[in-house]
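*Asks:*
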Amino acid sequence: MRIFYLLKKELIEIFRQKEMLVIMFIAPILQTIILGYVVTTDVHNIPVEVINLSKNKAAYRIANRINRSDLFDVKKITNQPGDHLKTLKQGKAKSIIILRDSYDKKRKPLAYPEIQILMDGIDSNTSVIAAGYFNGVARQYILEDMRKKGFELPLESQTLIRFNPNLKSINYMGPGIVALLLTIISMFLTSITLVREKEQQTMDTLLISRLTPMEIYLGKSLPMALLGLIEMGIGILVVILVFGIPLRGSLLYLFLAAVIFLFAILSYALLISTLCSSQQQALFFSWFSMVTFLLLAGLFTPVENIPKGLHWVADINPLRYLIKIIREIFLKGNGIEYFYKDLLILGAITVTVLSLSLLNFKRLISK
Amino acid sequence: MQVEDIIRVNELSKKFGAFYAVNRISFNIHRGEILGFLGPNGAGKTTTIKMINGLLRITSGNVFVKGLNVKKQIKQIKAFTGYMSQKFSLYPLLTSLENIEFFGGISGLSRKEIKKFQQQIEDTIPIEILKQKIMDIPPGIKQQVALFTCLMPDPDIIFLDEPTSGVDPKNRRDFWMQIYKLKKAGKTILVTTHNLDEAEYADRIIIIHNGKIIRQGEPSSLLKNENMDSMEDLFKKAVTDDETN
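Taken in order, these protein sequences are the chains called A and B. If you read the first sequence in our numbering, its first letter stands for residue 1, the second for the next number, and so on. If you read the second sequence in our numbering, its first letter stands for residue 1, the second for the next number, and so on.
1. Please give the ranges of any beta strand (DSSP E) in the region 9-39 of chain B, keeping only runs that are unbroken, at least 3 residues long and fully inside the region.
2. Check whether the Cβ of ASN225(B) lies closer than 9 Å to any Cβ atom in chain A.
3. Could you tell me whether any Cβ in chain A is nearer than 9 Å to the Cβ of THR192(B)?
4. Determine the burial state of THR48(B): buried for a count of at least 16 other Cβ atoms within 10 Å of its Cβ, exposed for fewer.
5. In the structure shown, what three-state DSSP assignment does PHE159(B) receive?
6. Would PRO126(B) be called buried (16 or more neighbouring beta carbons within 10 Å of its own) or exposed?
7. By alpha-carbon positions, which one of CYS276(A), GLY233(A) and ASP315(A) ends up nearest to ILE342(A)?
8. Rounded to a whole number of angstroms, what is the C-alpha to C-alpha distance between PHE134(A) and TYR253(A)?
9. For the ligand GTP, is there any heavy atom lying closer than 8 Å to the beta carbon of PRO219(B)?
10. Between the region 80-90 of chain A and the region 142-158 of chain A, can you find at least three pairs of beta-carbon atoms closer than 8 Å?
11. Give the straight-line distance between the Cα atoms of PRO213(A) and MET203(A), rounded to the nearest whole angstrom.
12. Compute the beta-carbon to beta-carbon distance between HIS194(B) and ASN23(B), rounded to the nearest angstrom, for a pair I have assumed lies under 8 Å.
13. Identify which residue in GLN132(B), ALA146(B) and HIS209(B) has its Cα closest to the Cα of GLN178(B).
14. Can you give the Cα-Cα distance for LYS184(B) and ILE34(B), rounded to whole angstroms?
15. Just to check my reading of the structure: ALA238(B) and ILE214(B) have Cβ atoms closer than 8 Å, yes? What is that Cβ distance to the nearest angstrom?
16. Answer with buried or exposed for LEU190(B), where buried requires no fewer than 16 other C-beta atoms within 10 angstroms of its C-beta.
17. With a threshold of 9 Å between beta carbons, is THR81(B) in contact with chain A?
18. At a Cβ cut of 8 Å, what residues of the region 186-219 of chain A count as close to chain B, listed as they run along the chain?
19. How long is the line joining the alpha carbons of LEU331(A) and TRP312(A), rounded to whole angstroms?
20. What does LYS75(A) pair with, by DSSP beta-bridge criteria?
21. Take ILE122(A) as the anchor and find which of GLY91(A), GLN116(A) and GLU215(A) has the nearest alpha-carbon.
22. Between THR41(A), SER95(A), MET224(A) and THR32(A), which has its C-alpha nearest ILE66(A)'s C-alpha?
23. So, is the C-beta of TYR37(A) closer than 9 Å to a C-beta in chain B?
24. In the region 327-351 of chain A, which residues sit with their C-beta less than 9 Å from some C-beta in chain B, listed in chain order?
25. So the candidates are PRO165(A), ASP73(A), GLN116(A) and ARG107(A); which of them puts its Cα closest to the Cα of PRO81(A)?
26. Would you mind sorting SER221(A) into buried or exposed? The rule is 16 or more other CB atoms within 10 Å of its CB.
27. For chain B, find out if any of its Cβ atoms is closer than 9 Å to the Cβ of ILE17(A); answer yes or no.
28. Which residue comes first and which comes last in the beta strand (DSSP E) that contains PRO47(A)?
29. Measuring CB to CB, does THR81(B) end up less than 9 Å from ILE134(B)?
30. What three-state label does DSSP hand ASP5(B) in the structure shown?
31. May I have the straight-line CA-CA distance separating SER186(A) from GLY228(A), to the nearest angstrom?
32. By alpha-carbon positions, which one of GLY233(A), LYS76(A), GLY244(A) and LEU247(A) ends up nearest to ALA258(A)?
33. Nearest CA to the CA of ILE77(B): which residue from MET84(B), TYR83(B) and VAL65(B)?
34. Among residues of its own chain, excluding the 5 on either side of TYR60(A), which ones have a beta-carbon nearer than 6 Å to its beta-carbon?
35. Could you pull the DSSP bridge partners for GLN31(A) from this structure?
36. Nearest to SER107(B) by CA position, among MET51(B), PRO139(B), THR149(B) and GLU98(B), is which residue?
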């Protein structure tokens with residue numbers, strides 16, 4: 001029963017800070033929408049210059065297809081060669097497509113032009129994707145043209161893409177962003193909660209009361225867990241309603257994974273809170289931890305891309321498992337039989353961090 | 001009259017790193033008395049009070065409260081002690097009534113008992129002030145509310161750590177009147193202060209300096225024995241004696 005008063009006090013303190021309420025309930029909606037639009041690996045409107053030095057019809061048609069595509073923003077089509085390096089340096093275009101006549105060994109013109117793609121490689125990811133798009137456009141034209149001319153293709157592969165057939169990156173990023181929001185809000189708000197008690201000198205009063213360390217601990221964590229779940233609910237609604245990402249799996253499993261994750265992240269945040277002596281310190285520590293969690297979570301880049309030496313950090317990163325589970329539930333509609341191992345690892349991380357955090361809290365109160 | 005020592009402090013020390021904040025002090029507190037713990041900032045007053053109520057681990061020595069060992073039986077001790085820490089330790093975003101509800105609740109009081117306490121404070125402070133957030137009310141009222149919260153649930157022994165700091169002289173006087181009422185009700189009170197003029201309110205005083213007790217006794221006897229006119233003169237002499245020894 002004593003814990004009820006602590007829970008009530010925590011909730012009153014949160015809801016009396018109007019600026020905080022904006023951060024908690026408006027910011028997640030805006031963040032999800034902004035991140036949903038911005039954090040995308042889709043490449044559109046690539047600024048391009050097309051230099052068509054060929055008199056071949058095929059070259060003309062390929063240049064036309066590039067011009068008509070939404071993927072490219074064609075700045076210029078010309079048949080005059082220029083200083084390509086200068087164009088790239090000036091940033092007028094990120095890629096230059098040069099179409100030239102091609103010949104066989106006997107100098108006899110071939111049916112299709114030679115295509116050279118010059119890319120600005122600073123943004124390596126965009127460059128690779130854009131190069132793939134150009135090749136795709138050219139290849140598609142050539143295949144269609146060959147079919148029209150009655151040529152049978154010796155081998156043709158067909159790709160069937162499941163779970164995200166349109167390869168929309170928002171479908172991949174959206175659920176991850178929900179997990180990210182859950183981490184940001186829970187970690188930042190919780191990490192300052194015990195430090196604030198120390199700063200306003202109310203910690204001693206809590207410790208001298210009949211509250212046990214576990215009750216203080218739960219009294220601090222549960223309101224944040226509740227808020228975290230509300231935040232997640234908002235995030236889920238936004239990704240479904242605004243971005244049209246389908247939720248194919250069980251909402252119950254989603255919240256089950258979130259609850260386990262929340263206790264891991266809240267324990268970690270409370271550990272920070274016991275280690276720091278001011279709110280600024282706690283916020284800085286949380287920010288540093290969050291960036292590390294984020295970079296090693298597989299949100300932006302696959303976990304497999306992480307250098308081997310850092311794999312162990314990724315292995316103990318709870319955000320990694322939540323993101324994986326959320327994506328599986330959202331996009332694949334997977335049931336618990338597919339991710340119970342991840343859930344168990346998440347549970348083990350939670351128990352470990354919670355124990356460490358409680359031990360440190362007990363050490364703090366008996367110094 | 002037979003005096004009963006409700007708190008016994010033996011050779012108590014607290015070391016932070018190589019620094020002794022409190023160095024082998026011994027004293028007793030009699031049941032029903034007001035003991036003033038005097039000393040400048042950093043003398044070791046708060047450290048001592050925190051060790052007595054179990055908030056700081058004792059480096060060496062012993063403290064017995066009602067015969068219970070602080071090192072081993074702090075849970076039982078909590079049941080009959082109240083503590084008002086420095087700067088009043090109230091939650092600024094909560095109202096006075098909410099603070100009382102919270103402190104009553106975590107002390108294990110029932111809703112009915114909390115309500116009774118709230119009604120008691122409504123008799124002394126206007127309800128419209130009690131419904132304001134702590135951050136918006138004057139220090140004198142905060143002080144009253146803080147004292148009130150530490151009296152839940154009716155402790156026998158009350159520790160007051162610098163309860164009058166930052167409060168104007170009128171409120172300080174009023175506060176001491178409340179402390180006298182508590183003494184009349186049979187409470188034992190340990191109060192720390194760096195305001196030397198408050199020493200005369202206490203039944204006995206202990207002057208602490210650099211973690212050591214340099215004088216203890218009844219204020220009037222101490223003044224008489226040392227042939228001093230004021231507590232300030234006595235304090236200066238005690239400190240000078242300590243530093244020259």
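Positions of the beta carbon are idealized from the N, C-alpha and C atoms, including for glycine.
*Replies:* Considering the structure as presented:
1. For the region 9-39 of chain B, whole beta strand (DSSP E) runs of length 3 or above, ordered along the chain, are 19-30 and 34-38.
2. At a cut-off of 9 Å, the C-beta of ASN225(B) has no neighbouring C-beta in chain A.
3. no
4. When all chains shown are included, THR48(B) counts as buried.
5. strand
6. exposed
7. Checking the sequence, you will find Asp at residue 342(A) rather than Ile. Of CYS276(A), GLY233(A) and ASP315(A), the residue nearest in Cα terms is ASP315(A).
8. 42 Å
9. Of ligands this structure carries none, so the ligand GTP is not represented either.
10. no
11. 12 Å
12. Their Cβ separation, rounded to whole angstroms, is 19 Å, which puts HIS194(B) and ASN23(B) out of contact at 8 Å.
13. ALA146(B)
14. Approximately 10 Å, taken between the alpha carbons.
15. 5 Å
16. buried
17. Taking Cβ atoms only, chain A reaches closer than 9 Å to THR81(B), which makes this a yes.
18. So the close ones are GLN200, GLN201, THR202, ASP204, THR205, LEU206, LEU207, ILE208, SER209, ARG210 and LEU211.
19. 27 Å
20. LYS75(A) pairs with nothing; no bridge assigned.
21. For the options GLY91(A), GLN116(A) and GLU215(A), the alpha carbon positioned closest to that of ILE122(A) is the one of GLY91(A).
22. SER95(A)
23. no
24. Within the region 327-351 of chain A, no residue qualifies.
25. GLN116(A)
26. buried
27. In the sequence as displayed, the identity of residue 17(A) is Gln instead of Ile. Chain B, which has a Cβ nearer than 9 Å to the Cβ of GLN17(A), makes this yes.
28. 46-52
29. no
30. strand
31. 6 Å
32. GLY233(A)
33. VAL65(B)
34. none
35. DSSP lists no partner for GLN31(A).
36. When the alpha-carbon of SER107(B) is set against those of MET51(B), PRO139(B), THR149(B) and GLU98(B), the nearest one is in THR149(B).
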